[in-house]
Amino acid sequence: MSGFHEEIDVNRTPEDVWAYVIDPSHLPEWQASAISAEQLDEGPMGVGSRVRVTRHVGRRREMPMTMEVTEFQPPHTWGMRGIDGPIRGHVHGEITPLDDGRASRVTLDLDFEGHGVGKVLLPLVVRPQVRKELPRNEQLLKDRLEHTAA
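Numbers in my numbering are just positions in the sequence shown, counted from 1, shifted up by 6.
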């Protein structure tokens, strides 16, 4: 399995970063392939919560997928795993305080498993797309957090 690992430093507190990244409505703002995202459950986000994300995969295909929260430790770590669809992501995120808590390091680890047609899409379309998109997404996240009021 060849996963992806990215880190970026952001001039915002861990609490500010957490509030932004854990809110599914912000996903399309900082992830280029995300078209929409919404929490499927009532109540606050936590372990077991589900999020429906629709993404562009390749140039023309829109692919909905459901992610389930597997780890949730505010404002430091979160994890999610895909539970349906041909491409199922596994995400682990960490927010580490820097500069006495005035800034943060965001670490993202991401990998996928393919099911059905996803076994073909994964090496041919998804991994190359993620390899290109992930650094841009982190820069979008940094820009959004540093240039938007809390």
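Glycine included, C-beta positions come from ideal geometry on N, C-alpha and C.
Because the structure is a prediction, the values reported are computed rather than measured.
*Give me whichever residues DSSP pairs with serine 39 in a beta bridge.*
Its beta-bridge partners do not exist; DSSP assigns none.
*Outcome for glutamine 37 when other beta-carbon atoms lying within 10 angstroms are tallied against a minimum of 16*: Looking at its Cβ environment, which holds 16 or more other Cβ atoms inside 10 Å, glutamine 37 is buried.
*Sheet register partners of glycine 120 (DSSP bridge)*: According to DSSP, glycine 120 bridges with Ile93.
*What residues are listed by DSSP as bridge partners for glutamate 144?*
Beta-bridge annotation (DSSP): glutamate 144 is not paired with any residue.
*Reduced DSSP secondary structure (H/G/I, E/B, other) of proline 103*: The answer is strand: DSSP assigns proline 103 an E or B state.
*asked:* I need the straight-line Cα distance from valine 126 to isoleucine 41, nearest angstrom please.
replied: Roughly 22 Å separates the two Cα atoms.
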